[in-house]
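Chemist: Per my numbering, the very first residue in the sequence shown carries number 1; after that it's consecutive. C-beta atoms are modelled at their ideal positions from N, C-alpha and C, and glycine is treated no differently.
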Amino acid sequence: MKPRGSHLLWIATALLLVASAAGAAGAASTPLHASSEDGYLVFRSDDGQFKWWLDGRVNLDGAFFIEDKNPLGDGVQLRRARLSFKAILWGDWYAEWDVDFAEEIVAMKDTYLRYDNLFDRQGYVRVGNFREPFGLEENTSSRNIQFQERSQATDGFVPGRKMGIEVARFAPCYRVAMGVFGPDVTEYETEADDMAWNVTGRLNANFLRDEDTVLHLGVAASRRQPQFDSGSLRFRTRNEYHVNNYKYVDTDNISNVDGYDLLGGEAAFVDKRLRLQAEVIDVNVDRAGALDDLDFGGWYASASYFLTDDTHPYEWEDAEFGRLMPRGPHGAVEALVRYSAVDMSDADVHGGESTALTLGVNWHANANVRFYNSLVLVDNDDDANAKGALVGNDDYRFYQCRVLIMF
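#1: Once the 5 residues before and after L377 are set aside, which same chain residues still bring their CB inside 6 Å of it?
#2: In the DSSP assignment, what are the bridge partners of S222?
#3: Which word fits V158, buried or exposed, when buried means at least 16 other C-beta atoms lie within 10 angstroms of its C-beta?
#4: According to DSSP, is Q277 part of a helix, a strand, or is it coil?
#5: Evaluate F407 with the Cβ neighbour count: other Cβ atoms within 10 Å of its Cβ, from every protein chain shown; 16 or more gives buried, anything less gives exposed.
#6: State the Cα-Cα distance for the pair A389 and D68, rounded to the nearest angstrom.
#7: Consult DSSP for L324 and reduce its assignment to one of helix, strand or coil.
#8: So the alpha helix (DSSP H) L72 belongs to, where does it begin and stop?
#9: Out of D74, R287 and A102, which one is the CA nearest neighbour of S255?
#10: Pair every Cβ in the stretch 296 to 304 with every Cβ in the stretch 337 to 347, then say whether three or more of these pairs are closer than 8 Å.
#11: Got a sec? Which residues, its chain only, sit under 8 Å from T213 by beta carbon, not counting five neighbours each side?
#12: Quick one: any contact between the stretch 119 to 127 and the stretch 162 to 171, if contact means 3 or more CB pairs under 8 Å?
#13: Count Cβ pairs between the stretch 288 to 296 and the stretch 134 to 154 that sit closer than 8 Å; are there 3 or more?
#14: Unbroken alpha helix (DSSP H) runs of length 4 or more, entirely within the stretch 129 to 155: which are they?
#15: Starting from the Cα of P31, find the closest Cα among G39, L41 and D46 and give me that residue.
#16: Among residues of its own chain, excluding the 5 on either side of A367, which ones have a beta-carbon nearer than 6 Å to its beta-carbon?
#17: On a Cα-Cα basis, can you pick out the residue from P71, A205 and R402 that is closest to D395?
#18: Please confirm if the stretch 233 to 248 is in contact with the stretch 199 to 215, defined as three or more CB-CB distances below 8 Å between the two stretches.
#19: Touch check for the stretch 344 to 359 and the stretch 307 to 326: three-plus C-beta pairs under 8 Å?
#20: From what residue to what residue does the beta strand (DSSP E) around D346 run?
#21: Who are the near neighbours of L375 in its chain, counting only those whose CB is closer than 6 Å to its CB and skipping five residues on each side?
#22: So N393 and N373 are in contact, right, with Cβ under 8 Å, and what is the actual spacing, rounded?
#23: Under the DSSP definition of a beta bridge, which residues are partnered with Q400?
#24: With a CB to CB cut of under 7 Å and the five nearest residues on each side skipped, what residues in its chain are close to N385?
#25: Classify I66 as buried or exposed, calling it buried when 16 or more other Cβ atoms lie within 10 Å of its own Cβ.
#26: Would you mind sorting A63 into buried or exposed? The rule is 16 or more other CB atoms within 10 Å of its CB.
#27: Shortest alpha-carbon distance to F50 belongs to which of R80, A81, A87 and L60?
#28: Along the beta strand (DSSP E) that carries H350, what are the first and last residues, could you check?
#29: Under the rule that 16 or more other beta-carbon atoms within 10 Å means buried, what is A290, buried or exposed?
#30: With which residues is H33 paired in a DSSP beta bridge?
#31: For V76, collect the residues of the same chain with a Cβ closer than 6 Å to its Cβ; drop the 5 residues on either side in sequence, then sort them by chain order.
#32: My guess is that A196 and L262 are in contact by the Cβ rule of under 8 Å, so how many angstroms apart are they, rounded?
Written out as structure tokens, the structure is:
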């Protein structure tokens with residue numbers, strides 16, 4: 001009998017716990033000292049060979065709509081309730097086990113084992129469930145994203161977390177990563193078909209980098225197949241909120257798909273208080289027989305400016321932006337704007353098009369507490385109707401807020 005998704009989840013968890021237990025057994029005579037690092041409680045050995053810590057995160061969200069054609073329903077939500085166990089073992093091994101308890105559902109997130117002493121400690125290989133190397137916004141942790149939700153294009157097309165193996169190499173000016181991936185841990189076979197394997201890679205470079213400045217550029221590509229030889233594929237996305245589950249832009253099931261390609265480009269520039277960022281994603285779907293191939297896509301561009309003397313730190317080892325530590329005693333205040341667009345209509349597929357303009361203000365009270373506030377203006381076309389479940393051409397607005405707690 002082949003393992004179901006829940007079985008895979010527990011197998012992955014057991015492997016990480018075995019690895020952690022092995023490290024604990026070998027380090028039984030090594031004392032660990034507690035300290036606070038950027039607001040996290042950490043236990044570390046004097047020689048740096050062993051390190052243990054918990055990483056918690058809670059997102060409390062609210063959304064309030066100015067409706068147009070469809071009733072949307074104001075509300076609040078526990079968006080995330082994340083608890084992670086992280087460990088460095090014998091200096092070279094890193095293990096992570098990340099679980100989300102939001103919405104009364106236990107969901108496995110990052111669960112992997114990584115060997116860090118590759119390419120003279122300028123690279124790694126990891127195996128487990130984690131984000132595929134595609135996109136800047138997707139690979140930036142939800143602790144550090146600028147807006148409450150990732151853009152429509154990222155949500156609709158970027159693959160996110162999958163089970164797989166990845167090799168990465170990095171240097172101060174570049175980073176390259178490539179991996180082979182199967183399904184998410186929640187997916188499993190219901191037929192006798194074999195699951196599909198996907199290949200994804202990302203290349204990044206940075207320039208002008210110092211303490212307050214960086215120019216980040218990147219490209220990514222992925223060759224993919226529908227899972228489990230089903231030949232069916234579906235893309236859909238939210239209008240950048242999560243309080244309800246409406247997904248206006250939706251291709252429905254696309255049949256007779258041989259495979260599809262994702263291509264992405266990313267750019268970001270930080271100069272002290274200013275940050276500019278943009279991504280574009282192109283999707284090409286190959287269909288069998290006389291059916292037309294399909295071309296979908298999306299993009300976003302954003303700008304932000306700190307009203308306080310702060311900047312977004314850049315982590316070149318991961319080619320992403322890291323955790324902000326406010327410089328002043330009263331925290332950091334940031335004004336933001338983002339424009340995003342997504343198109344899921346082509347040939348005989350009418351998934352719809354949508355744009356969204358977001359205006360926001362964030363207050364980073366300290367390294368552990370953050371408040372998000374934003375006003376979003378949505379413009380959906382006639383085909384953006386959740387495959388007939390909603391009225392199309394619905395142009396509405398909403399205010400959303402978040403309290404983010406990290407510990």
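Modeler: Let me spell this out:
#1: Within the same chain, L377 has close Cβ partners L357 and R397.
#2: Partner(s): T200 and L262.
#3: Under a 10 Å Cβ-count criterion, V158 is classified as buried, with 16 or more other Cβ atoms of the shown protein chains found around its own Cβ.
#4: Looking at Q277 - three-state DSSP - the assignment turns out to be strand.
#5: That one is exposed.
#6: Between A389 and D68, the alpha-carbon positions lie close to 15 Å from each other.
#7: Three-state result, L324: coil.
#8: For L72, there is no enclosing alpha helix (DSSP H), as DSSP marks it with neither H nor E.
#9: The shortest C-alpha separation from S255 is found at R287.
#10: Per the Cβ contact rule, the stretch 296 to 304 is in contact with the stretch 337 to 347 (3 or more Cβ pairs under 8 Å).
#11: Within the same chain, and ignoring the five residues on either side of T213 in sequence, the residues whose Cβ sits closer than 8 Å to its Cβ are V270, D271 and K272.
#12: For the pair of segments examined, the stretch 119 to 127 was found to touch the stretch 162 to 171: the number of CB pairs separated by less than 8 Å reaches three.
#13: Contact fails: fewer than three Cβ-Cβ distances are below 8 Å.
#14: Counting only runs of 4+ residues, the alpha helix (DSSP H) found wholly inside the stretch 129 to 155 occupies 136 to 139, in chain order.
#15: Put simply, of G39, L41 and D46 the residue whose alpha carbon is nearest the alpha carbon of P31 is D46.
#16: Here A367 has D38, G39 and M325 as same chain residues with Cβ atoms under 6 Å from its own Cβ, once five neighbours each way along the sequence are excluded.
#17: Nearest C-alpha to D395: P71.
#18: Touching, no, given that fewer than three Cβ pairs across the two stretches are closer than 8 Å.
#19: By the Cβ criterion, the stretch 344 to 359 is not in contact with the stretch 307 to 326, since fewer than three pairs of Cβ atoms, one from each stretch, lie closer than 8 Å.
#20: Following the DSSP letters along the chain, one finds D346 inside the beta strand (DSSP E) bounded by residues A332 to D346.
#21: For L375, where only same-chain residues beyond five positions count, the Cβ hits under 6 Å are L359 and Y399.
#22: 28 Å between Cβ atoms; not a contact.
#23: In the DSSP assignment, the residues bridged to Q400 are A63 and S374.
#24: Closer than 7 Å at the Cβ level, and outside the excluded window around N385, lie Y248, G352, V391 and G392.
#25: Around the beta carbon of I66, a 10 Å sphere encloses fewer than 16 other beta carbons of the protein chains shown; the residue is thus reported as exposed.
#26: By the 10 Å Cβ count, A63 comes out buried.
#27: When each option's Cα is compared against that of F50, the closest is A87.
#28: Element bounds for H350: V349 to H364.
#29: Counting Cβ neighbours within 10 Å, A290 comes out exposed, since fewer than 16 surround it.
#30: Looking at the DSSP assignment, H33 forms a beta bridge with R44.
#31: Taking V76 as the centre and dropping the five residues before and after it, the same chain places the C-beta of G62 closer than 6 Å to its C-beta, in chain order.
#32: At roughly 14 Å, the Cβ-Cβ gap does not stay under 8 Å, so A196 and L262 are not in contact.
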